[in-house]
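A short write-up of the structure that comes next.
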Amino acid sequence: SQQGEEDPQALSIQEGENATMNCSYKTSINNLQWYRQNSGRGLVHLILIRSNEREKHSGRLRVTLDTSKKSSSLLITASRAADTASYFCAPPNTGFQKLVFGTGTRLLVSP
Amino acid sequence: DTAVSQTPKYLVTQMGNDKSIKCEQNLGHDTMYWYKQDSKKFLKIMFSYNNKELIINETVPNRFSPKSPDKAHLNLHINSLELGDSAVYFCASSLLPQSDTYEQYFGPGTRLTVT
Numbered sequence: 010s011q012q013g014e015e016d017p018q019a020l021s022i023q024e025g026e027n028a029t030m031n032c033s034y035k036t037s038i039n040n041l042q043w044y045r046q047n048s049g050r051g052l053v054h055l056i057l058i059r060s061n062e063r064e065k066h067s068g069r070l071r072v073t074l075d076t077s078k079k080s081s082s083l084l085i086t087a088s089r090a091a092d093t094a095s096y097f098c099a100p101p102n103t104g105f106q107k108l109v110f111g112t113g114t115r116l117l118v119s120p
Numbered sequence: 273d274t275a276v277s278q279t280p281k282y283l284v285t286q287m288g289n290d291k292s293i294k295c296e297q298n299l300g301h302d303t304m305y306w307y308k309q310d311s312k313k314f315l316k317i318m319f320s321y322n323n324k325e326l327i328i329n330e331t332v333p334n335r336f337s338p339k340s341p342d343k344a345h346l347n348l349h350i351n352s353l354e355l356g357d358s359a360v361y362f363c364a365s366s367l368l369p370q371s372d373t374y375e376q377y378f379g380p381g382t383r384l385t386v387t
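Sequence order for the protein chains is A and B.
Offset between the first sequence (1-based) and the numbering used here: plus 9.
Offset between the second sequence (1-based) and the numbering used here: plus 272.
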């Protein structure tokens with residue numbers, strides 16, 4: 010089964026800066042999800058983008074999907090300290106039945 | 273209102289013991305999952321149940337046995353605990369991923385420490 014592979018593994022920025030993290034996957038998908046995990050907490054769904062969408066916005070989040078390159082990116086604009094978390098992409102597997110997570114990108118936003 | 277709840281939040285036990293983790297969701301979802309997150313933060317699916325029926329069983333030792341008394345509950349029982357079982361276990365739920373993929377709602381996790 011495939012998993013999303015996030016890059017970079019860790020990212021450290023200052024408040025107000027933008028943060029970009031990338032995800033690559035191996036096989037064709039019809040959608041991809043992004044999740045956030047704050048330290049010591051469960052994952053929280055951020056956004057789902059479908060294969061017929063190239064870009065999707067949700068508040069300060071912008072997600073892109075390039076199915077030809079099998080990659081996706083998550084951009085957080087005007088970052089805040091509260092954005093400090095790990096971010097995971099999750100492509101579906103086994104005919105939608107499961108998501109396979111990678112090790113995520115650890116984002117640290119300093120005040 | 274808590275959507276997906278797990279008990280206990282922390283569990284410290286000795287090798288060889290048997291323990292259970294409980295999970296409940298009040299979202300009306302058909303499908304529930306158990307994940308294991310190791311110390312490197314790698315989150316791996318273990319089981320998935322749809323309406324009390326097992327639909328995904330990853331390569332998990334048979335010391336791990338999920339039990340779903342109804343579609344709102346999915347418990348995880350672990351026999352003969354080993355040091356390598358130490359991890360954070362997350363329960364999650366979603367609509368049935370049959371013709372599409374749906375967002376999953378995660379519980380707060382149970383940190384299991386085996387000594």
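Beta carbons are placed, not taken as given, at the ideal position from N, Cα and C, and that holds for glycine.
Nearest candidate by alpha-carbon position, reference residue i, set the options
i	options	result
A/Pro60	A/Leu52, A/Gly111, A/Val72 and A/His54	The residue asked about is misnamed: residue 60 of chain A is Ser in this sequence, not Pro. With distances taken between Cα atoms, A/Ser60 lies closest to A/Val72.
B/Met318	B/Gly300, B/His301, B/Asn298 and B/Lys339	B/Lys339
A/Glu62	A/Ser81, A/Arg69 and A/Val53	A/Ser81
B/Gln297	B/Glu354, B/Asn329 and B/Asn347	B/Asn347
A/Gln42	A/Ser21, A/Leu74, A/Thr36 and A/Leu116	A/Leu74
B/His301	B/Phe378, B/Val386, B/Thr387 and B/Thr382	B/Phe378
B/Tyr305	A/Glu64, A/Asn27 and A/Val109	A/Val109
B/Ser358	B/Asp310, B/Leu367, B/Pro380 and B/Ser320	B/Asp310
A/Leu117	A/Tyr44, A/Asn27 and A/Ile22	A/Ile22
B/Gln370	B/Tyr321, B/Val386 and B/Thr387	B/Tyr321
A/Tyr34	A/Gln12, A/Leu57, A/Ala28 and A/Ser119	A/Gln12
A/Asn27	A/Ile38, A/Asn102 and A/Leu84	A/Leu84
A/Gly113	B/Thr387, B/Thr382, B/Leu315 and B/Ile327	B/Leu315
B/Thr382	B/Thr274, B/Thr279 and B/Gly356	B/Thr279
Spatial distance of residue i from residue j (CA atoms)
i	j	result
A/Ser77	B/Asp342	42 Å
B/Lys291	B/Ser337	11 Å
B/Thr303	B/Tyr374	10 Å
B/Ile350	B/Arg335	6 Å
A/Asn31	B/Lys312	19 Å
B/Gly288	B/Leu384	14 Å
B/Gln286	B/Thr331	24 Å
A/Ser88	A/Gly68	12 Å
B/Leu283	B/His345	19 Å
B/Leu353	B/Lys308	14 Å
A/Glu91	A/Lys65	Contrary to the premise, residue 91 of chain A reads as Ala rather than Glu in this sequence. Looking at the two C-alpha atoms, the distance is approximately 22 Å.
A/Asn40	B/Asp372	9 Å
B/Asn323	B/Asn329	15 Å
Chain A within 8 Å of residue i, Cβ atoms only
i	result
B/Leu315	yes
B/Phe362	yes
B/Ser320	yes
B/Gln297	no
B/Glu258	Chain B is shown from 273 up to 387; residue 258 of chain B falls before or after that span and cannot be answered.
B/Pro338	no
B/Gly381	yes
B/Val373	Checking the sequence, you will find Thr at residue 373 of chain B rather than Val. Closer than 8 Å: yes.
B/Lys312	yes
B/Ile350	no
Proximity test, Cβ basis, 8 Å: residue i and chain B
i	result
A/Gln23	no
A/Arg45	no
A/Gly113	yes
A/Leu108	yes
A/Asn40	yes
A/Ser13	Contrary to the premise, residue 13 of chain A reads as Gly rather than Ser in this sequence. A/Gly13 does not count as touching chain B.
A/Leu52	yes
- Taking a Cβ distance cut-off of 7 Å, strictly less, list which residues of the stretch 56-77 of chain A are near chain B, in chain order. Listed by position along the chain: Leu57.
- Message: Is it the case that the stretch 46-54 of chain A contacts the stretch 90-100 of chain A, given that we only count it when at least three CB pairs across the two stretches are under 8 Å?
- Response: Judged by Cβ distances under 8 Å, the stretch 90-100 of chain A makes contact with the stretch 46-54 of chain A, as three or more pairs qualify.
- Touch test, the stretch 278-293 of chain B against the stretch 343-363 of chain B, Cβ-Cβ under 8 Å, three pairs minimum: Counting Cβ pairs under 8 Å, three or more are found: they touch.
- With 7 Å as the limit, tell me which residues of the stretch 276-292 of chain B have their beta carbon closer than that to any beta carbon of chain A; keep them in chain order. The stretch 276-292 of chain B vs chain A, Cβ under 7 Å: nothing.
- Name the residues in the stretch 89-102 of chain A whose C-beta lies less than 8 Å from a C-beta of chain B; which are they? Of all residues in the stretch 89-102 of chain A, Ser95, Phe97 and Pro101 have a Cβ within less than 8 Å of some Cβ in chain B.
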